[in-house]
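Peer 1: For the sequence shown, the residue numbers in this note's numbering are 167 to 772. The C-beta atom is built at its ideal place from N, Cα and C for all residues, glycine as well.
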Amino acid sequence: MKAMSDLGSFSDFQDSGPSGDEGGEEQSGGSGPEGREFDRPDVTASGSDTGVGALAVSEGLRVAEEAEENRLRAYVTATNRTDIRLGTYLLAPYPDDETLFCRITGLEYAQAYRSDDATEIHARRAMRSSGIDEQDYKLMADLDPLAVLYPDGDTLRRRAPDRVPKPETVVKHASDHEKIRTGLDLPESGAFLGHLSVGGERVRTQATPPTVAYRLEDGDSGADPLIFRHVLIAGGTGSGKTHTAKNVLRQYLTEDRRYAIEPGSNRTPRAAVVQFDPQDEYAQMHDDNPDLDAATEREYDRQSVASGGHDDTVAFVPQVGTARYAAGHHRAEQQAFTIPFSMVRANKWLVAGGRLNDNQYNALSYLLDRFFDERSGEATYQAFLDFLDDPALRQELDESGRVHEATFDAVKRRVSAVPRGVFDQDARPITDLVHEFVRPGRLSVVPTYHLSSTRAAEMVVLALSSLLVDQKLSSDPTFERIKETPLILGMDEAHNFLADADSVQARQVIGKFTEAAKQGRKERLGLFLITQDPQDIADPVFKQLNTRIALTLSDEDAVSSLNLPTALESRITDMERGNMAVYSPDNSKPVEVMGLSTCLTRHGRD
167 MKAMSDLGSF SDFQDSGPSG DEGGEEQSGG SGPEGREFDR PDVTASGSDT GVGALAVSEG
227 LRVAEEAEEN RLRAYVTATN RTDIRLGTYL LAPYPDDETL FCRITGLEYA QAYRSDDATE
287 IHARRAMRSS GIDEQDYKLM ADLDPLAVLY PDGDTLRRRA PDRVPKPETV VKHASDHEKI
347 RTGLDLPESG AFLGHLSVGG ERVRTQATPP TVAYRLEDGD SGADPLIFRH VLIAGGTGSG
407 KTHTAKNVLR QYLTEDRRYA IEPGSNRTPR AAVVQFDPQD EYAQMHDDNP DLDAATEREY
467 DRQSVASGGH DDTVAFVPQV GTARYAAGHH RAEQQAFTIP FSMVRANKWL VAGGRLNDNQ
527 YNALSYLLDR FFDERSGEAT YQAFLDFLDD PALRQELDES GRVHEATFDA VKRRVSAVPR
587 GVFDQDARPI TDLVHEFVRP GRLSVVPTYH LSSTRAAEMV VLALSSLLVD QKLSSDPTFE
647 RIKETPLILG MDEAHNFLAD ADSVQARQVI GKFTEAAKQG RKERLGLFLI TQDPQDIADP
707 VFKQLNTRIA LTLSDEDAVS SLNLPTALES RITDMERGNM AVYSPDNSKP VEVMGLSTCL
767 TRHGRD
């Protein structure tokens, strides 16, 4: 065995500095191995960074016909991570002049280096540190390709995604107004709804103004006005439903909103708006909002947003019994009216209530027809009650087998249960006021808050709305004014009037409104429904509502009934007041929209 000295001497490799005994603390000054400064490589890339990251191909890069088979992921650089949100819109350019317009649908942190951080040491170190080094982790964004943008002369156009971008393509924030509008298929003009937003924050662009207006197509581009394919506003209590509804309706009351009744017609009247108002709020649209200053109004005007009170607003007040209407909260003109019993001839279900079966309803129809045919004097509700009080009539119908006496008695009970004072009161019949009630450019509000009976309010709303619908759909209308005027029929708390139920009256009402909804585009009749319980609106009517605007909703049944895309549905339970999810397939991609924080007309009571 060799001696230790035979292994060679390490003396040649000893540090030339002082020994440990002599060096003491001076060695730590930088001359020893532990104190020396070593050159570190510069890992900062030359040039300036643009964009938020780059497409990664490590897990594949795929664009497919089926949305769930798409696989697009982008690595987000450390300095851009605080600005990234679910729903953020990004652009991924192709090598030529086309661009893929995308939306972030998922965000995930992943380890840049394999390690087990689920340990005591890692946890305690994290508790004592001020943060992480972002470069130790990867932030990956899942992208949903929405459209390929391409130039066509001076116009930017869109098509469905049909090509995959290159690996390492730099992705950028969508900040170009035209690319955002084209990518989401937003109309350039139309009725203003609000501003495009993501996560409750308005999308900002490089344009002036920097926001992106969201508008409903109103026929300017040659397409059908979407108001005549019907609109639903759904939201819980305090979500801003009425505020939003007022702002939207205000846009349809401007001088330049005109619609041809027939294709190719040179006659383009303004729309008439009839709004049923159970909480007595919409007559305030006559008045200016005192919180809306002149500078803001001028800015809205530059953006083609109508604001300020609408002078041609009239409150048509139903006279029912001894109920009195107080109007200290608005300055709109008031016009009292009554419902003549003669209107029941065309809508017999008005006096049927919800408890008559088919046999009883047939008996009621027969009795009403006979009453109106035989009546030589004024056909009033009281006269019909007197008609039913005739014992000879009851006996005659029973003996002839036409109406059994038990059926006759059931009909009489239901008719007698109609709230007193609904028909034939000391006011002008609504049938004499049609030219005032439906007038191009006018907002006619029908308040029912002052009525103490829910049944009376329901009868008023259904009687008037049926009059409007029947005349719109008729090929031989009694009132040409209704037939020849574009009409927006607004109904707040619509679930109270259009609910599905297993009764003759419900079937009659739903059938009528379903047909109205189907013919709306042709007849220039638009339903504008507001509700906090969309799940209660009868399905045949609900299916015809092309534009669905969802504000904050907490009820799961209400949320699911809207049939929104998953990305939007998951958000509406947590949205702030005035924020909305808009699903309008014939107008744009599904989007988030932030409404105006200030009502465009007077709103709320002092």
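(1) With a CB to CB cut of under 6 Å and the five nearest residues on each side skipped, what residues in its chain are close to E274?
(2) With DSSP as the reference, please indicate the residues paired to Q500 in a beta bridge.
(3) I'd like the ranges of any beta strand (DSSP E) spanning at least 3 consecutive residues and lying wholly in the stretch 620-659.
(4) Under DSSP, the alpha helix (DSSP H) around F574 begins and ends at which residues?
(5) How would you write the range of the beta strand (DSSP E) that D310 sits in, first residue to last?
(6) Assign R290 to one of two classes, buried (16 or more other C-beta atoms within 10 Å of its C-beta) or exposed (fewer than that).
(7) Three Cβ pairs or more, each shorter than 8 Å: is that satisfied between the stretch 340-355 and the stretch 372-385?
(8) Helix, strand or coil for Q112? Go by DSSP, reduced to three states.
(9) With respect to the alpha helix (DSSP H) encompassing I287, which residues constitute its N-terminal and C-terminal limits?
(10) So, with DSSP's three-state summary, where would you put T614?
(11) In terms of alpha-carbon separation, which member of F537, L728, E722 and Q501 lies closest to V707?
(12) How should M293 be labelled, buried or exposed, when 16 other C-beta atoms within 10 angstroms of its C-beta is the threshold for buried?
(13) With DSSP as the reference, please indicate the residues paired to T374 in a beta bridge.
(14) Buried or exposed for L551, going by 16 or more other Cβ atoms inside 10 Å?
(15) In whole angstroms, what is the alpha-carbon distance linking T271 and T739?
(16) So, using beta-carbon positions, are V757 and A716 closer together than 9 Å?
(17) Would you mind reading off the limits of the alpha helix (DSSP H) that contains N525?
(18) Helix, strand or coil: how does DSSP classify V675 here?
(19) Between which two residues does the beta strand (DSSP E) carrying S363 extend?
(20) In the structure shown, what three-state DSSP assignment does S194 receive?
(21) According to DSSP, is N413 part of a helix, a strand, or is it coil?
(22) Taking the straight line between their C-alpha atoms, what separation do you get for M760 and S508?
(23) Mind reading off the beta-carbon distance from E166 to R228? Whole number of angstroms is fine, and I expect it under 8 Å.
(24) Look at G226 and A437 and say whether their C-beta atoms are less than 9 Å apart.
(25) Could you spell out where the alpha helix (DSSP H) holding E274 opens and where it closes?
(26) Hey, is the stretch 638-658 in contact with the stretch 498-507, meaning 3+ C-beta pairs nearer than 8 Å?
(27) On the CB-based measure, 16 or more other CB atoms within 10 Å of its CB, does Q526 come out buried or exposed?
(28) L252 and R329 - do their beta-carbons sit closer together than 9 Å?
(29) Measuring alpha carbon to alpha carbon, tell me which residue in Y448, M741, V439 and N528 is nearest P604.
(30) Applying the 10 Å Cβ sphere with the 16-neighbour rule, what's the burial state of R464?
(31) Counting only C-beta atoms, is A481 closer than 9 Å to chain D at any point?
(32) Let me check understanding here. Comparing Cα to Cα, which of R395, E232 and G219 lies closest to T245?
(33) Determine the direct distance from the alpha carbon of L617 to that of D446, and round the result to whole angstroms.
(34) In this structure, what does DSSP give as the bridge partners for N745?
(35) Identify whether H601 lies in helix, strand or coil by the three-state DSSP scheme.
(36) Under a Cβ-count criterion, where at least 16 other Cβ atoms within 10 Å of its own Cβ denotes burial, should Q671 be classed as buried or exposed?
Peer 2: Per the coordinate set shown:
(1) Position 108 of the sequence shown, counting from 1, holds the residue named residue 274. Here the set comprises M306.
(2) As a first step, residue 500 is located in the sequence shown; it is residue number 334 there, counting from the start. Looking at the DSSP assignment, Q500 forms a beta bridge with A481.
(3) Runs found: 653-658.
(4) The residue labelled residue 574 in the question sits at position 408 within the sequence shown. Segment E571 to S582, the alpha helix (DSSP H) holding F574.
(5) Within the sequence shown, numbered from 1, the residue matching residue 310 stands at position 144. Note, D310: beta strand (DSSP E), Y303 to D318.
(6) Residue mapping note: residue 290 aligns to position 124 of the sequence shown, counting from 1. That one is exposed.
(7) They touch, by the three-pair rule.
(8) Nothing about residue 112 can be reported from this structure: the residues present for the chain run from 167 to 772 only.
(9) As a working note, residue 287 is residue 121 in the sequence shown. Taken as a continuous stretch (DSSP letters only), the alpha helix (DSSP H) holding I287 covers E286 to R294.
(10) As a first step, residue 614 must be located in the sequence shown, where it is residue number 448. Note: T614 maps to coil in three-state DSSP.
(11) Here residue 707 refers to the residue found at position 541 of the sequence shown. With distances taken between Cα atoms, V707 lies closest to L728.
(12) To locate residue 293, count along the sequence shown from 1; it is residue 127. The residue in question, M293, is exposed, as its Cβ has fewer than 16 Cβ neighbours within 10 Å.
(13) The sequence position of residue 374 within the sequence shown is 208, counting from 1. BP columns for T374 are empty, so no partner.
(14) By 1-based counting over the sequence shown, the position of residue 551 is 385. The residue is exposed, with fewer than 16 neighbouring Cβ atoms inside 10 Å.
(15) Residue 271 sits at position 105 when you count from the first residue of the sequence shown. Residue 739 sits at position 573 when you count from the first residue of the sequence shown. If I take the Cα positions, the gap works out to 18 Å.
(16) By one-based count along the sequence shown, residue 757 stands at place 591. By one-based count along the sequence shown, residue 716 stands at place 550. Cβ distance not < 9 Å, so V757 and A716 don't count as in contact.
(17) Sequence index remark: in the sequence shown, residue 525 carries index 359 (1-based). Run containing N525: D524 to E540, per the alpha helix (DSSP H) assignment.
(18) Stepping through the sequence shown from its first residue, residue 675 is reached at position 509. It is helical.
(19) Position 197 of the sequence shown, counting from 1, holds the residue named residue 363. Per DSSP, S363 belongs to the beta strand (DSSP E) from A357 to V364.
(20) Counting from one through the sequence shown, the residue named residue 194 turns up at place 28. Model confidence at S194 stands at a pLDDT of 46, short of 50, so the residue's coordinates are unreliable; what they give is reported in the following sentence. If DSSP states are grouped into helix, strand and coil, S194 belongs with the helices.
(21) Within the sequence shown, numbered from 1, the residue matching residue 413 stands at position 247. The answer is helix: DSSP assigns N413 an H, G or I state.
(22) Here residue 760 is taken as the residue at index 594 of the sequence shown, counted from 1. Here residue 508 is taken as the residue at index 342 of the sequence shown, counted from 1. If I take the Cα positions, the gap works out to 47 Å.
(23) Nothing can be reported for residue 166, as the shown portion of the chain is limited to 167 through 772.
(24) Working through the sequence shown from its first residue, we reach residue 226 at position 60. Working through the sequence shown from its first residue, we reach residue 437 at position 271. Against a cut-off of 9 Å, the Cβ pair of A437 and G226 comes out as no contact.
(25) Residue 274 sits at position 108 when you count from the first residue of the sequence shown. From DSSP, E274 is part of no alpha helix (DSSP H) but of the beta strand (DSSP E) over T265 to Q277.
(26) With a cut-off of 8 Å, the stretch 498-507 and the stretch 638-658 do not count as touching, because too few Cβ pairs lie within range.
(27) Along the sequence shown, read from residue 1 onward, the residue named residue 526 stands at position 360. Residue environment: Q526 is assigned as buried (16 or more neighbouring CB atoms within 10 Å of its CB, all protein chains considered).
(28) Looking up residue 329 in the sequence shown gives position 163. Looking up residue 252 in the sequence shown gives position 86. Going by C-beta atoms, R329 is not nearer than 9 Å to L252.
(29) Here residue 604 is taken as the residue at index 438 of the sequence shown, counted from 1. One point to set straight first is that residue 604 is Val, not Pro, in the sequence displayed. By alpha-carbon distance to V604, the top candidate from Y448, M741, V439 and N528 is V439.
(30) Locating residue 464 in the sequence shown gives position 298, where the first residue counts as 1. With fewer than 16 other Cβ atoms within 10 Å, it is exposed.
(31) No chain D appears in the structure shown, which is made up of a single protein chain.
(32) The residue you call residue 245 lines up with position 79 of the sequence shown. When only C-alpha atoms are compared, the closest one is G219.
(33) For this step, residue 446 is matched to residue 280 along the sequence shown. For this step, residue 617 is matched to residue 451 along the sequence shown. The straight-line gap separating the alpha-carbon atoms of D446 and L617 is approximately 11 Å.
(34) Taking the first residue of the sequence shown as 1, we reach residue 745 at position 579. In the DSSP assignment, N745 is bridged to M760.
(35) On the sequence shown, residue 601 is found 435 positions in, with the first residue counted as 1. Reduced to three states, the DSSP call for H601 is helix.
(36) Within the sequence shown, the letter at position 505 stands for residue 671. Result: buried.
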